[in-house]
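So the structure is just underneath, and the comments pick up after that.
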Amino acid sequence: MKEVVKNFQSRDKTHTGERLLIIFLGILVFVNFSVSVNAWQLQYFSDEWEFYTTASEIAQGEYSPNIFDLNGVYEENPIFGSYYHAFFLKIFGQTPLVWKFSNGILLIPIVVFFFYWVKEYFDQATAWVATLLFSSSHILAHYTKIGYPNHLAFLLFIVSLFIIQRIMDEKSIRYVVLLGALWGISFYVFIGPLFPVMQFPLLLPLFQKSLGEKRDRWLPKAVVGAVSYLLIVLPGVLITDSTHWHSIQQLLGRGGNPTLFVVATNIVKPLFLFIFQFFPMHTHFSGGRLVDPIVLMLILVGVVVLLKMAKDRDYVRYFIAAFIATGITIGVSNMYEHIGVTRGVFMLPFWFVMAGVGVVWILRHSRLVGGMLVVAVSASSLYFTHVTYFSQADFHVNNYLIHELRGNSDKVTFMAADPLVPNPLVFDDVMRSYGYTDRIEKVVLSGEQDVCQYQFRTIVVLREDTGLQTFLLTSDCLEGGEIIVLDRYYY
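Counting with the working numbering, you get residues 79 to 569 for the letters of the sequence shown.
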């Protein structure tokens, strides 16, 4: 009896140490996110700003939409995510920094649940390796800085994977109900309504077993899970005007007009071709490929290993089926010739598991090589995240202006020939939110106007406004002032 108690206490200490270690790793990932969260290059990204203003209005009580409304921001995003952001703005202050931190804090549970899903589905070694590779990803560090509520969906996706495995291990109805609830909540975040299709292959063993063994009552349990799902989903379906289901149309790719060729190629793109695709900085702060070259090679090694394992291990076949189902679902529901990061990130858990499997296989043959690969991936990913990433150009005009305002105590004038560049409504709101309203002015000035009627110290002008540059550089009334020409940018 004493030996049993001793073994139990030993296992309990091991589990406690493991939990503390994985939580600590999650905190490190959050710190990695936080290091550059206030970088001027990442303060503004195009269409994300409407999410901030909506959440801010909710936090201030100026806007109180139904939390189940499926047509929120741009009438294409359910309002639920805006309430999540509004909660943080209400508690910690209505600033863009708080807004971005509300997404970054999700990284801790994402890392923790990813680890435990991989551990229970494969083994501890694969879990640690895959999680270390996953945690150092620059996509986790930078994509989560966008003020979309999509990161909630990514967390729910990872947690759902973990809960599915708990269903397999414990066969408890409470986990079935919890999975239904998670899928129901996911229905209110982009691209959550697709999760049941993407993850269903992982549940197939239950239904196959229930068909073969009458004593197993998985079908009734599935009905209970479906009820918990519908209880959460139906309010949104019922209160949203069905003639304006823009969020569902966007989700299913009906917002565009893709050709048959685009639809066909999109079916296979997410599986592997997607990881070769390069994303410029202005594509959701990606600034590169979703995985680095070393991880790509490890993924290929992992695929070969998994295919060999699949010959005599059912759980590997179900994992591959879920990977394929996720890729096809993402591809079919995509309306564009390219597949955006907002959908592609849902392939990351599978890719990093494959990479982890590849490293574990290498470790069994050479611990030195395997260990060096893990260190190399982590080091190169961190270097890309904090050095290479910021050496790229083409940041938004608003970010360059914020950069000049931070480094210049004088008033800054943004001079443009086009009154719509950048969007004047967003421009004013961004500068007000960052507290720069009194220090910046936008002047729409054509080459025919007399620049001497204005008092300038620091002037920012776009490269395309060559006429303005000529007049400014040849003007006699700008002595002592500074003219900054933005050479590369987007708006």
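Using N, Cα and C, we set each Cβ at its ideal position, and we do this for glycine too.
How big is the Cα-Cα spacing for residue i and residue j?
i, j, result
"D370", "D319", "44 Å"
"L374", "K520", "46 Å"
"F492", "A117", "21 Å"
"A609", "V435", "Outside the modelled stretch of the chain, which goes from 79 to 569, sits residue 609, for which no answer is possible."
"P427", "D507", "36 Å"
"Q277", "Q121", "34 Å"
"G303", "G262", "10 Å"
"H216", "S553", "46 Å"
"W25", "E140", "No answer is possible for residue 25: it lies beyond the span of the chain, which begins at 79 and ends at 569."
"G409", "I236", "20 Å"
"F212", "D516", "43 Å"
"I607", "N228", "With the chain represented from 79 up to 569, any question about residue 607 goes unanswered, as that position is not in the structure."
"P274", "G95", "34 Å"
"L167", "S114", "20 Å"
"S214", "A400", "24 Å"
"L256", "I417", "31 Å"
"P143", "I157", "7 Å"
"L218", "L550", "43 Å"
"V475", "F123", "10 Å"
"I561", "Y152", "37 Å"
"I479", "V490", "In the sequence as presented, Ile is not what sits at residue 479; that position holds Leu. Spanning the two alpha carbons is a distance of roughly 8 Å."
"V346", "V340", "10 Å"
"L239", "F102", "22 Å"
In three-state terms, what does DSSP make of residue i?
i, result
"V453", "helix"
"K520", "strand"
"I562", "strand"
"F357", "strand"
"F268", "coil"
"G159", "helix"
"G545", "helix"
"F473", "strand"
"G262", "helix"
"G225", "coil"
"E366", "Per the sequence shown, residue 366 should be read as Gly rather than Glu. Reduced to three states, the DSSP call for G366 is strand."
"E248", "helix"
"T552", "helix"
"R293", "Here the model assigns R293 a pLDDT of 46, short of 50, so the residue's position is not dependable, and the following value carries that caveat. R293: coil per DSSP, three-state reduction."
"P283", "helix"
"F146", "coil"
"G380", "helix"
"V255", "helix"
Is it buried or exposed for residue i, if we count other Cβ within 10 angstroms and need 16 for buried?
i, result
"T536", "buried"
"D496", "exposed"
"R421", "buried"
"T544", "exposed"
"K84", "Caution applies to K84, whose pLDDT of 48 falls short of 50 and renders its modelled position unreliable; the model cannot decide the point."
"G485", "exposed"
"L148", "buried"
"L98", "exposed"
"P502", "exposed"
"G405", "buried"
"T466", "exposed"
"E415", "exposed"
For residue i, report the span of its beta strand (DSSP E) as first-last.
i, result
"F491", "This sequence places Thr at residue 491; Phe is not what is there. From DSSP, the beta strand (DSSP E) with T491 extends over V490 to A494."
"V538", "T536 to L540"
Since residue i is in the alpha helix (DSSP H), which residue starts that stretch and which ends it?
i, result
"W177", "P174 to G182"
"T209", "Q202 to S213"
"P274", "F273 to Q277"
"K197", "L185 to Y199"
"V504", "P502 to S511"
"G314", "W296 to I317"
"L349", "Per DSSP, L349 belongs to no alpha helix (DSSP H) and is neither H nor E."
"L218", "H216 to H220"
Could you tell me whether the Cβ of residue i comes closer than 8 Å to any Cβ of chain C?
i, result
"L210", "Of the chains in the structure shown, none is chain C; there is only one protein chain."
Alpha helix (DSSP H) runs contained entirely in the region 382-449, provided each spans 4 or more residues: 392-410, 419-422 and 426-443
Unbroken stretches of the alpha helix (DSSP H), 4 residues or longer, contained in the region 81-140: 127-138
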